[in-house]
Amino acid sequence: MSRSLKLGVNIDHVATLRQARGTVYPDPVEAAKICARAGADSITVHLREDRRHIQDADVYRLSKECPLPINLEMANAEEIVQIALEVQPAEVCLVPEKRQELTTEGGLDVIGNFQPLEKTVQRLQENGSLVSLFVDPDEKTLEACAQTGARVVELHTGAFCDATDPAEVAALLRKLIAGAETAHRLGLQVNAGHGINLNNLPRILTLPHLDTLNIGHSIIARAVFHGLEHAVRELIAAMNPTP
Ligand code: PXP
Numbered sequence: 026m027s028r029s030l031k032l033g034v035n036i037d038h039v040a041t042l043r044q045a046r047g048t049v050y051p052d053p054v055e056a057a058k059i060c061a062r063a064g065a066d067s068i069t070v071h072l073r074e075d076r077r078h079i080q081d082a083d084v085y086r087l088s089k090e091c092p093l094p095i096n097l098e099m100a101n102a103e104e105i106v107q108i109a110l111e112v113q114p115a116e117v118c119l120v121p122e123k124r125q126e127l128t129t130e131g132g133l134d135v136i137g138n139f140q141p142l143e144k145t146v147q148r149l150q151e152n153g154s155l156v157s158l159f160v161d162p163d164e165k166t167l168e169a170c171a172q173t174g175a176r177v178v179e180l181h182t183g184a185f186c187d188a189t190d191p192a193e194v195a196a197l198l199r200k201l202i203a204g205a206e207t208a209h210r211l212g213l214q215v216n217a218g219h220g221i222n223l224n225n226l227p228r229i230l231t232l233p234h235l236d237t238l239n240i241g242h243s244i245i246a247r248a249v250f251h252g253l254e255h256a257v258r259e260l261i262a263a264m265n266p267t268p
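One rule links them: number in our numbering = place in the sequence shown (from 1) + 25.
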């Protein structure tokens, strides 16, 4: 079945679970294969500078074994850029990164960091990766994105997805819609991500020109509940082998 809107699954939480126990499971490569079987279009992993979830070895293994294109999310930090240059993922998404944050908190300050970003965008794109910039839906920022030479933007949907006040929700949705229009007019591919779940998805789908949604937390959270019953039954059966 061909679909026009693509889904990229962020599997960082699989590695978070593994790192919590220092075990070898659950394995992000296995998770990527399951996502592929389920019809996902790409796999996103964020190789953070503090390596809190995805490790370098995961990125190298995924680059060999993942059946789907990889979108490597990363800060514009030379050590990580070197890894991206070596691995040549299909896509790189540059994001701002703070050590203390629980997750990526805001979009990139593309205007304030224009030159270093432009340089990295060019190095990565010349190396064969499509570069995406993770930004808030701000017109001047989107214009700066286009000037870096990046071909894709990922609109940060986190503020909209977290908002509860109806007036704020409506205003933030209007900003996202305007941002998607601006990005498209500038010739940029429009992706979106952060905080998207089954409840807010219908309104996210009102954004024009969407190419890909990158979703992690809500998918892994639902996967836990969908799989928990099976995992308990499986263990009980193993505890009571039939003679
Ligand atoms: N896109 C980017 C750039 C992100 O940083 C994240 C979170 O790692 C996501 C998408 C996925 O967000 P969520 O886990 O809330 O679905």
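The beta-carbon is built from N, C-alpha and C at its ideal position, and this holds for glycine as well.
- Secondary-structure assignment with DSSP links Lys31 through a beta bridge to Thr237.
- By the CB criterion at 8 Å, Ile59 and His71 fall outside the cutoff.
- The DSSP assignment places 81–90 and 103–112 as complete runs of the alpha helix (DSSP H) inside the region 81–120, in order along the chain (cut-off: 4 residues).
- Short of 8 Å from the beta carbon of Ala115, and not among the five residues preceding or following it, lie these beta carbons of its own chain, in chain order: Ser67, Pro94, Ile95, Asn96, Ser154 and Leu155.
- Considering only Thr237, Leu211 and Thr207, the residue with the shortest C-alpha distance to Glu179 is Thr237.
- Val49 is classed as exposed because its beta carbon has fewer than 16 other beta carbons within 10 Å across all chains shown.
- Leu158: member of the beta strand (DSSP E) spanning Leu155 to Val160, first to last residue.
- Asp75 counts as exposed, since fewer than 16 other C-beta atoms from the protein chains shown sit within 10 angstroms of its C-beta.
- Closer than 7 Å to some heavy atom of the ligand PXP: that describes the Cβ of Cys118.
- Secondary structure note for Leu42: its alpha helix (DSSP H) is the uninterrupted segment Asp37 to Arg46.
- Rounded to whole angstroms, the Cβ separation of Thr69 and Asn239 is 5 Å, and the two are in contact under 8 Å.
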